[in-house]
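> Note that the protein sequences, when read in sequence, are chains A and B.
Numbered according to this note's numbering, the first sequence spans residues 1 to 426.
Numbered according to this note's numbering, the second sequence spans residues 1001 to 1426.
Note that the Cβ used here is the ideal one computed from N, Cα and C, for glycine as well.
As the structure is a prediction and not an experimental result, all values here were calculated from the model.
There are 2 protein chains.
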Amino acid sequence: MTLIVQKYGGTSVADCARIEHVADKVCAARRAGHDLVVVVSAMAGETDRLLGLGKSISQRPSAREMDVLLSTGEQVTIALLAIALEKRGFPARSFTGAQVCIRTDKEHSKARIESIDDGKLRASLAGNCVPVVAGFQGVDESGDVTTLGRGGSDTTAVALAAALKADECQIYTDVDGVYTTDPRMVPEARRLARVTFEEMLELASLGSKVLQIRAVEFAGKYNVPLRVLSTFKEGEGTLITYEDVTMEAAVVSGIAFNRDEAEITLIGIQDEPGAAYHILGPISDANIVVDMIVQNVAREGRLDFTFTIHRNDYAQAMEILEANLKRMGAKRVIGNDRVVKISLVGVGMRSHSGVATRLFQALSEEGISIRLVATSEIKISVVVDEKHLETGVRALHAAFRLHEPPQQEHLPQPATAPVRQGGAVG
Amino acid sequence: MTLIVQKYGGTSVADCARIEHVADKVCAARRAGHDLVVVVSAMAGETDRLLGLGKSISQRPSAREMDVLLSTGEQVTIALLAIALEKRGFPARSFTGAQVCIRTDKEHSKARIESIDDGKLRASLAGNCVPVVAGFQGVDESGDVTTLGRGGSDTTAVALAAALKADECQIYTDVDGVYTTDPRMVPEARRLARVTFEEMLELASLGSKVLQIRAVEFAGKYNVPLRVLSTFKEGEGTLITYEDVTMEAAVVSGIAFNRDEAEITLIGIQDEPGAAYHILGPISDANIVVDMIVQNVAREGRLDFTFTIHRNDYAQAMEILEANLKRMGAKRVIGNDRVVKISLVGVGMRSHSGVATRLFQALSEEGISIRLVATSEIKISVVVDEKHLETGVRALHAAFRLHEPPQQEHLPQPATAPVRQGGAVG
Chain A
1 MTLIVQKYGG
11 TSVADCARIE
21 HVADKVCAAR
31 RAGHDLVVVV
41 SAMAGETDRL
51 LGLGKSISQR
61 PSAREMDVLL
71 STGEQVTIAL
81 LAIALEKRGF
91 PARSFTGAQV
101 CIRTDKEHSK
111 ARIESIDDGK
121 LRASLAGNCV
131 PVVAGFQGVD
141 ESGDVTTLGR
151 GGSDTTAVAL
161 AAALKADECQ
171 IYTDVDGVYT
181 TDPRMVPEAR
191 RLARVTFEEM
201 LELASLGSKV
211 LQIRAVEFAG
221 KYNVPLRVLS
231 TFKEGEGTLI
241 TYEDVTMEAA
251 VVSGIAFNRD
261 EAEITLIGIQ
271 DEPGAAYHIL
281 GPISDANIVV
291 DMIVQNVARE
301 GRLDFTFTIH
311 RNDYAQAMEI
321 LEANLKRMGA
331 KRVIGNDRVV
341 KISLVGVGMR
351 SHSGVATRLF
361 QALSEEGISI
371 RLVATSEIKI
381 SVVVDEKHLE
391 TGVRALHAAF
401 RLHEPPQQEH
411 LPQPATAPVR
421 QGGAVG
Chain B
1001 MTLIVQKYGG
1011 TSVADCARIE
1021 HVADKVCAAR
1031 RAGHDLVVVV
1041 SAMAGETDRL
1051 LGLGKSISQR
1061 PSAREMDVLL
1071 STGEQVTIAL
1081 LAIALEKRGF
1091 PARSFTGAQV
1101 CIRTDKEHSK
1111 ARIESIDDGK
1121 LRASLAGNCV
1131 PVVAGFQGVD
1141 ESGDVTTLGR
1151 GGSDTTAVAL
1161 AAALKADECQ
1171 IYTDVDGVYT
1181 TDPRMVPEAR
1191 RLARVTFEEM
1201 LELASLGSKV
1211 LQIRAVEFAG
1221 KYNVPLRVLS
1231 TFKEGEGTLI
1241 TYEDVTMEAA
1251 VVSGIAFNRD
1261 EAEITLIGIQ
1271 DEPGAAYHIL
1281 GPISDANIVV
1291 DMIVQNVARE
1301 GRLDFTFTIH
1311 RNDYAQAMEI
1321 LEANLKRMGA
1331 KRVIGNDRVV
1341 KISLVGVGMR
1351 SHSGVATRLF
1361 QALSEEGISI
1371 RLVATSEIKI
1381 SVVVDEKHLE
1391 TGVRALHAAF
1401 RLHEPPQQEH
1411 LPQPATAPVR
1421 QGGAVG
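#1: Buried or exposed: where does Y1008(B) fall if 16 or more other Cβ atoms within 10 Å of its Cβ makes it buried?
#2: Here's the rule: buried if 16 or more other CB atoms are within 10 angstroms of the residue's CB, otherwise exposed. What is I283(A)?
#3: Can you name the residues of chain A whose CB is closer than 8 Å to the CB of I1019(B)?
#4: What does the alpha-carbon distance come out to for the pair D24(A) and S12(A)?
#5: Does any heavy atom of the ligand HEM sit closer than 6 Å to the C-beta of K1025(B)?
#6: Using a beta-carbon distance below 7 Å, is K25(A) in contact with chain B?
#7: Give me, in chain order, the residues of the same chain whose beta-carbon lies closer than 6 Å to that of G1426(B); leave out the 5 immediate sequence neighbours on both sides.
#8: My output table needs one value for V1289(B): the three-state DSSP class, helix, strand or coil.
#9: For the candidate residues A256(A), V382(A), G354(A), whose alpha-carbon lies nearest to that of V294(A)?
#10: So, do the segment 165-173 of chain A and the segment 213-228 of chain A have three or more beta carbon pairs nearer to each other than 8 Å?
#11: With C-beta atoms as the reference, is A42(A) less than 7 Å away from E74(A)?
#12: Go to R338(A), then tell me how far its beta strand (DSSP E) extends in each direction, as first and last residue.
#13: Interface residues of chain B around A157(A) at Cβ under 9 Å?
#14: Select from R30(A), H278(A), L303(A) the residue whose C-alpha is nearest the C-alpha of G268(A).
#15: What would DSSP say about D35(A), mapped onto helix, strand or coil?
#16: Give the DSSP-derived three-state secondary structure of E1261(B) in the structure shown.
#17: So if DSSP puts C1027(B) in a beta bridge, which residue, or which two residues, is it bridged to?
#18: Could you tell me the boundaries of the beta strand (DSSP E) in which S364(A) lies?
#19: Which residues, in chain order, does the segment 62-77 of chain A contribute to contact with chain B at a C-beta distance below 9 Å?
#20: Threshold first: 4 residues or longer. Then list the alpha helix (DSSP H) segments lying entirely within the segment 149-224 of chain A, N to C.
#21: I want to know whether the segment 1115-1131 of chain B touches the segment 1178-1188 of chain B - three or more CB-CB distances under 8 Å.
#22: Could you tell me the boundaries of the alpha helix (DSSP H) in which V383(A) lies?
#23: Can we say the segment 52-66 of chain A touches the segment 25-40 of chain A, given the rule of at least three CB pairs closer than 8 Å?
#24: Does the distance from the C-beta atom of I1342(B) to that of V1297(B) stay below 7 Å?
#25: When the cut-off is 7 Å and only beta carbons count, does Q1099(B) lie next to chain A?
#26: Check this for me: beta carbons of E86(A) and R103(A), under 7 Å apart or not?
#27: Contact criterion: CB-CB distance below 7 Å. Does C16(A) meet it with respect to chain B?
#28: In the DSSP assignment, find the unbroken alpha helix (DSSP H) run with T47(A) in it and report its ends.
#29: If you run the structure through DSSP and keep just helix, strand and coil, what is V373(A)?
#30: Any idea what DSSP makes of E1272(B), helix, strand or coil?
#31: Under 6 Å Cβ to Cβ from T1308(B), same chain only, skipping five residues before and after it: list those, please.
#32: May I ask you to report which of helix, strand or coil DSSP gives D1304(B)?
#33: Output the boundary residues of the alpha helix (DSSP H) element that contains V1393(B).
#34: Would you list the one or two residues that DSSP bridges to A134(A)?
#35: Interface residues of chain B around G149(A) at Cβ under 8 Å?
#36: Taking just the CA atoms, how far does V1040(B) sit from T241(A)?
Next up, the structure:
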């Protein structure tokens, strides 16, 4: 008997017909002999509708009340799915985040899960009942409703899988897996049969919006095998696990990109201890998330310091920096909010040289200048002008032959095969 | 400093504009120096929308899951009203039924409140904050969400007022008080400045759907002064309290009626102990609520036994009785599901004779035959053919001169005057 946590996102439960379809899938998995815990999001559009209601009353609604408001979205879905399961003769019980004690910190709208009391879930499972849990929500120590932020249902699913030591956590969504890059941009993009947690983290954080990054972190930390599948198309999806030594990994697994970047450079900073802190301190104080940071060696006691942020934060960041130029010991600040980031990701880079060279060559052949470069163990990122985004991604996808399955890639069967209703693998 | 519990029904919070209007009223009451606890229903139409979703998936959704589903309606409203209050500079905190521990029994969809933990509410009030509580919902001992049944928000408000020993519980609705009868039927119908709990119970249970009957019972039991007011029209509404000895009560306060009656008569029952039990036992087992019961003295060891039920239950009740005729010792069963009930209600009846006579005379003058009569201390009910409903009610309203204010009715000022924003009394 295997225990599977299945999570269905908003498009998978967008209306009653789709909820019934999800119920069919859950029942099929039960019939196949699996124990199941199901996590669901709000019906597609519902969260936006609720947000709209809140915003129509106040431009600055309190985060506490917005969480009370938004958490109703998932509560509707859990009840409807439980009803659909019961109609099919499968006992089910819905649970809100509070009811299964998904305890979080007090950070409304972006709370973090601290603990889960699995008692009610285990009792339901022992009673042959399918627990249907509201994703995205929890409860803080004083009993206030919290939400985990957009996409938080993935995190709920993984956290439940970890707490219950489930054999697999399956994230059902409207895409059938993780691709080498966005297929809307590169039609030759290929679904990956598996990627490592580390690669997935880099891919997710860089814009492949398949999974919430926190969910992947969680899954990696607790070693929960995570599988991304389509609700609407049969198939094995993409399995996200730890690197398998028997597997000859591809050098580059995928290409991520981020359209909404802005870069800011402080010029002529005095090279003193604490320089970076004095720059980024006021930026973090304004809750602006910094992505890439590039600093070259100082020349003549002065250095240039560049970082990238989300484009939406650009104006505010520039204002803050201009107001603090003197304190930062900088001569001036320049910036560009029309840039994008392209990243090559692959655990194989660790043992292969020449990846950066091939990247630079491919971009050069397209006449694309590189503004910034940053590297990590399994990733190379470049920032380029936004007009070069598509050409760049396509050139790299071809240069690294990502449309071809990696050679000698032996895929061991996952411990728990995904539930298939038909024989076809999409 | 007085403490007022205000409850706003679904039409009062039907959209964001109305929620803002409610927020204005709450703020006005706060500015007038009152402490406030606010109870709200789901936005009008929302409960039906949710019911529709549930029913579209299953004709027989489980009561547990329907409660999870429906309770989201009020949760949306509490958040929106709290946001609207905060926007106006009045600190507010929303609470679901579970969060203020409105503990109920386990009867999903018609749960009864057993206890309320007033800790969080008192803490909010002490912090100068307006608690906004979801009506209609509670939580059972195992943490499952329950609902109190339609109109249960009234009960929530009264229960909170009782628990907090509030000075007044104000029920804001779309009518501006309790009338001598339904003004849509009798244009001369007059708003009552006050009625007693007992009269209100009779009026409510008989079809004046202003207040949920359980709320009135609760208010009577805990002696919570209850006031019905309009959200949309200024005025003092109707105060429901205990009978005031200084008050020269009207003989008849109002006329209630019920369109959806059915009567059933068992003929020729053997006059033995347990006869009534053998008839009504199977009826209650089928969860059919019996209203009037009329039994005359037996003649020659046989009697006829008549009772009324809701019209919707008529077919089922007839089936049950026909199947059990022998066991009941009855000769046959006859029935009529095209009848209505008209009731005169008034505490003054206790000390006035001749009310029944005047009633019979008025109906007789209109050529209306009376099928059944039942009386209580403060009520006389008659069952007539449904075609006589309007003529009957109008005739009685005129005969008892209900369009005229009762003479010598001295209305002592209630302890807590209702909050008025303007000077006009509607």
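So, to answer that:
#1: Indexing the second sequence from 1 puts residue 1008(B) at position 8. Taking a 10 Å sphere around the C-beta of Y1008(B), we find 16 or more other C-beta atoms and assign the residue as buried.
#2: By 1-based counting over the first sequence, the position of residue 283(A) is 283. With 16 or more Cβ atoms within 10 Å of its Cβ, I283(A) is classed as buried.
#3: Sequence index remark: in the second sequence, residue 1019(B) carries index 19 (1-based). Under the 8 Å cutoff, chain A gives I57.
#4: What you label residue 24(A) is simply residue 24 of the first sequence in a count that begins at 1. What you label residue 12(A) is simply residue 12 of the first sequence in a count that begins at 1. When rounded, the distance between both Cα atoms is 12 Å.
#5: Among the ligands in the structure shown, none appear at all, so the ligand HEM cannot be discussed.
#6: For the purposes of this step, residue 25(A) is taken as residue 25 along the first sequence, with counting starting at 1. Output row for K25(A): interface = no.
#7: Along the second sequence, one-based indexing puts residue 1426(B) at 426. In this predicted model, G1426(B) has a pLDDT of only 28, less than 50, meaning its place in the structure is not dependable; the value taken from the coordinates is given anyway. The residues are D1176, K1233, E1234, G1235.
#8: For this step, residue 1289(B) is matched to residue 289 along the second sequence. Of the three classes helix, strand and coil, the one that applies to V1289(B) here is coil, per DSSP.
#9: Numbered from 1 along the first sequence, position 294 holds the residue referred to as residue 294(A). Here the closest residue by C-alpha is V382(A).
#10: Contact between the segment 165-173 of chain A and the segment 213-228 of chain A is present, with at least three C-beta pairs closer than 8 Å.
#11: On the first sequence, residue 42(A) is found 42 positions in, with the first residue counted as 1. On the first sequence, residue 74(A) is found 74 positions in, with the first residue counted as 1. In terms of Cβ geometry, A42(A) and E74(A) form a close pair [threshold 7 Å].
#12: Translated into the one-based positions of the first sequence, residue 338(A) becomes position 338. For R338(A), the uninterrupted beta strand (DSSP E) segment begins and ends at 332-345.
#13: Taking the first residue of the first sequence as 1, we reach residue 157(A) at position 157. Ordered by position in chain B, no residue passes the 9 Å Cβ test against A157(A), which lies about 19 Å from the chain.
#14: Taking the first residue of the first sequence as position 1, residue 268(A) is located at position 268. With distances taken between CA atoms, G268(A) lies nearest to L303(A) out of R30(A), H278(A), L303(A).
#15: By one-based count along the first sequence, residue 35(A) stands at place 35. Strand at D35(A).
#16: Working through the second sequence from its first residue, we reach residue 1261(B) at position 261. DSSP, read as helix, strand or coil, puts E1261(B) in strand.
#17: Within the second sequence, residue 1027(B) is the residue found at index 27, counting from 1. According to DSSP, which records beta bridges pairwise, C1027(B) is partnered with nothing at all.
#18: Translated into the one-based positions of the first sequence, residue 364(A) becomes position 364. Run containing S364(A): none in the beta strand (DSSP E); it sits in the alpha helix (DSSP H), 355-365.
#19: For the segment 62-77 of chain A, the set of positions with a beta-carbon nearer than 9 Å to some beta-carbon of chain B reads S62, R64, E65, M66, D67, V68, L69, L70, S71, T72, G73, Q75, V76 in chain order.
#20: Fully enclosed alpha helix (DSSP H) runs of 4 or longer: 152-163, 197-205, 213-221.
#21: Too few Cβ pairs lie closer than 8 Å, so no.
#22: To locate residue 383(A), count along the first sequence from 1; it is residue 383. From DSSP, V383(A) is part of no alpha helix (DSSP H) but of the beta strand (DSSP E) over 379-385.
#23: No, they do not touch.
#24: Within the second sequence, the letter at position 342 stands for residue 1342(B). Within the second sequence, the letter at position 297 stands for residue 1297(B). Going by C-beta atoms, I1342(B) is not nearer than 7 Å to V1297(B).
#25: Taking the second sequence and counting its residues from 1, the one referred to as residue 1099(B) is at position 99. For Q1099(B), the answer is yes, since a Cβ of chain A falls inside 7 Å of its Cβ.
#26: The residue labelled residue 86(A) in the question sits at position 86 within the first sequence. The residue labelled residue 103(A) in the question sits at position 103 within the first sequence. Not a contact, by the Cβ cut-off of 7 Å.
#27: Counting from one through the first sequence, the residue named residue 16(A) turns up at place 16. Cβ-Cβ to chain B under 7 Å: yes for C16(A).
#28: Residue mapping note: residue 47(A) aligns to position 47 of the first sequence, counting from 1. Residues 46-57.
#29: Residue numbering aside, residue 373(A) sits at position 373 when the first sequence is read from its first letter. Reduced to three states, the DSSP call for V373(A) is strand.
#30: As a first step, residue 1272(B) must be located in the second sequence, where it is residue number 272. Note: E1272(B) maps to coil in three-state DSSP.
#31: Counting from one through the second sequence, the residue named residue 1308(B) turns up at place 308. Cβ within range, chain order: E1261, E1263, D1291, M1292.
#32: Numbered from 1 along the second sequence, position 304 holds the residue referred to as residue 1304(B). Secondary structure at D1304(B): strand, using DSSP grouped into helix, strand and coil.
#33: Numbered from its first residue, the second sequence carries residue 1393(B) at position 393. Start and end: 1389-1399.
#34: What you label residue 134(A) is simply residue 134 of the first sequence in a count that begins at 1. Bridge partners of A134(A): V40(A).
#35: Working through the first sequence from its first residue, we reach residue 149(A) at position 149. Correct list: empty, because the minimum Cβ distance to chain B is about 17 Å.
#36: In the first sequence, the residue the question calls residue 241(A) occupies position 241. In the second sequence, the residue the question calls residue 1040(B) occupies position 40. In this structure, the straight-line span from the alpha carbon of T241(A) to that of V1040(B) is close to 48 Å.
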